[in-house]
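The listed protein sequences derive, respectively, from chains A and B.
Quick note: the working numbering has the first sequence finishing at residue 99, numbered continuously throughout.
Quick note: the working numbering has the second sequence finishing at residue 183, numbered continuously throughout.
From the three backbone atoms N, C-alpha and C, an ideal C-beta is built for every residue, glycine too.
Computed from a predicted structure; not experimentally measured.
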Amino acid sequence: MPQTGTVLISDTKSKEDLDVPWNVIVLNDPINLMSYVTMVFQRVFGYPRHKAETLMLEVHHKGRSLVWSGGREQAELYVHQLHSYQLLAHLERSE
Amino acid sequence: MKHLRVQTDGPQRLCLSGLDPVLLDCLQSLPDILAQRDAPGVRHRLFPDPTVADTEANNDWQRLITPELHHLFAAAGETVACDLATLAPDRQHKNHFRITFAADHLNAWMSALNQARLVLAELFSITDTDMNRPDFDLDQPKDLAVFRIHILGYLLQLFVEQASD
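Here it is as structure tokens:
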């Protein structure tokens with residue numbers, strides 16, 4: 005029996021969504037300028053230039069980079085912002 | 019493009035000067051290029067899904083978020099189209115031109131230039147190999163597209179540097 009004041013979360017998927025970290029992934033494409041991608045990482049995540057460049061180079065050389073990890077809602081917001089700069093980005097559940 | 023410059027032009031304004039006829043032609047083609055952002059094969063690049071396999075989330079995104087992004091991208095294109103109307107001769111360089119615009123249009127310019135590069139790339143299925151070719155036959159539509167992607171990229175690079183100052 006639940007105690008008084010306890011809220012039952014019936015939607016287990018939603019609870020998992022809240023608990024499990026989500027990754028924001030940026031994919032490489034042959035068109036976006038390296039300097040542009042670096043600028044976007046600085047603007048969206050507030051990363052210092054060095055970190056933004058490191059992540060940009062990982063995208064460039066490895067084809068993808070995990071640029072942020074955390075709650076789903078924030079991950080969706082970041083993907084939205086990255087799409088607004090026309091970067092190829094998606095979120096995926098952390099394994 | 020040796021005279022090409024982006025610099026401040028009084029308070030809160032920027033001037034893009036030293037535009038040669040080739041670059042000018044690329045810029046004047048921007049509205050027509052951007053008008054193809056909804057063409058088959060282009061739309062998925064400008065408005066990608068937010069997940070790889072979550073169909074429900076992807077459908078929600080396309081219903082709720084994509085229209086907002088579409089409006090944002092269209093507004094950027096319209097801002098640049100209006101700024102192009104300020105085209106005037108560059109008095110310092112014969113056969114060159116200049117455009118002045120509000121400094122807070124800088125993001126719209128970067129968006130429009132990047133959109134145009136992506137649209138051209140999707141329309142002509144441009145690959146890394148195409149981008150690294152050393153020469154072009156400008157009578158070939160695909161080569162002309164690659165050439166324009168490079169030219170617009172050069173200009174975008176100047177704007178990124180301006181934005182980073």
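Straight-line gap, residue i to residue j (C-alpha atoms, nearest Å)
i	j	result
Leu92(A)	Val83(A)	9 Å
Ile169(B)	Ile51(B)	14 Å
His89(B)	Val60(B)	16 Å
Pro152(B)	Phe165(B)	10 Å
Thr16(A)	Gly74(A)	For Thr16(A), the predicted model reports a pLDDT of 47, less than 50, meaning its position is unreliable and no value from the coordinates is stated.
Trp79(B)	Arg76(A)	14 Å
Thr97(B)	Cys33(B)	15 Å
Ser39(A)	Gly50(A)	15 Å
Trp127(B)	Val24(A)	38 Å
Ser88(A)	Val44(A)	10 Å
Phe119(B)	Thr104(B)	8 Å
Leu102(B)	Trp26(A)	42 Å
Leu31(A)	Val41(A)	11 Å
Arg53(A)	Asn36(A)	17 Å
Ser182(B)	Ala93(B)	23 Å
His21(B)	Ile117(B)	14 Å
Ser98(A)	Ala163(B)	39 Å
Trp72(A)	Thr58(A)	13 Å
Leu87(B)	Phe65(B)	8 Å
Cys100(B)	Ala56(A)	33 Å
Ala71(B)	Asp146(B)	26 Å
Leu156(B)	Arg55(B)	23 Å
Asp148(B)	Met60(A)	21 Å
Asp27(B)	Thr73(B)	49 Å
Reference residue i, options the options, closest by Cα
i	options	result
Asp33(A)	Phe142(B), Arg63(B) and Ala103(B)	Arg63(B)
Arg31(B)	His123(B), His21(B) and Thr73(B)	His123(B)
Leu81(A)	Gln110(B), Ala92(B) and Pro68(B)	Pro68(B)
Pro29(B)	Gly36(B), Ala121(B) and Leu22(B)	Ala121(B)
Gln180(B)	His114(B), Leu141(B), Gln158(B) and Asn125(B)	Asn125(B)
Val40(B)	Ile167(B), Val178(B), Glu86(B) and Leu136(B)	Ile167(B)
Glu140(B)	Asp72(B), Pro58(B) and Arg23(B)	Pro58(B)
Gln23(B)	Asp108(B), Glu74(B), Asn76(B) and Leu82(B)	It is worth fixing the name first, because residue 23(B) is Arg in this sequence and not Gln. When only C-alpha atoms are compared, the closest one is Asp108(B).
Asp43(B)	Asn150(B), Asp148(B), Asn113(B) and Val137(B)	Asn113(B)
Arg135(B)	Met60(A), Gln90(A), Ser69(A) and Val28(A)	Gln90(A)
Gln46(A)	Leu95(A), Ile29(A) and Leu86(A)	Leu86(A)
Leu138(B)	Gln25(B), Phe154(B) and Pro159(B)	Pro159(B)
Unbroken alpha helix (DSSP H) run spanning residue i, endpoints
i	result
Gly95(B)	Thr84 to Leu102
Thr145(B)	Counting along the chain, Thr145(B) falls outside any alpha helix (DSSP H), and DSSP gives it neither H nor E.
Arg61(B)	Arg61 to Leu64
Ala57(B)	Per DSSP, Ala57(B) belongs to no alpha helix (DSSP H) and is neither H nor E.
Pro211(B)	With chain B covering only 19 through 183, there is no way to say anything about residue 211(B).
Gln133(B)	Leu124 to Leu141
Tyr40(A)	Met38 to Phe49
Range covered by the beta strand (DSSP E) that runs through residue i
i	result
Gln25(B)	Arg23 to Thr26
Phe115(B)	Phe115 to Ala120
Ile29(A)	Trp26 to Leu31
Ala156(B)	For the sequence presented, residue 156(B) should be read as Leu rather than Ala. Unbroken run through Leu156(B): none, as it is neither H nor E.
Leu34(B)	Arg31 to Leu37
Ser69(A)	Arg68 to Gly74
Arg97(A)	Ala93 to Arg97
**Request:** For the segment 31 to 49 of chain B and the segment 56 to 66 of chain A, state whether three or more C-beta atom pairs, one from each stretch, are separated by less than 8 Å.
**Result:** no
**Asked** Counting Cβ pairs, one atom from each stretch, are 3 or more of them under 8 Å apart for the segment 174 to 183 of chain B and the segment 131 to 146 of chain B?
**Response** yes
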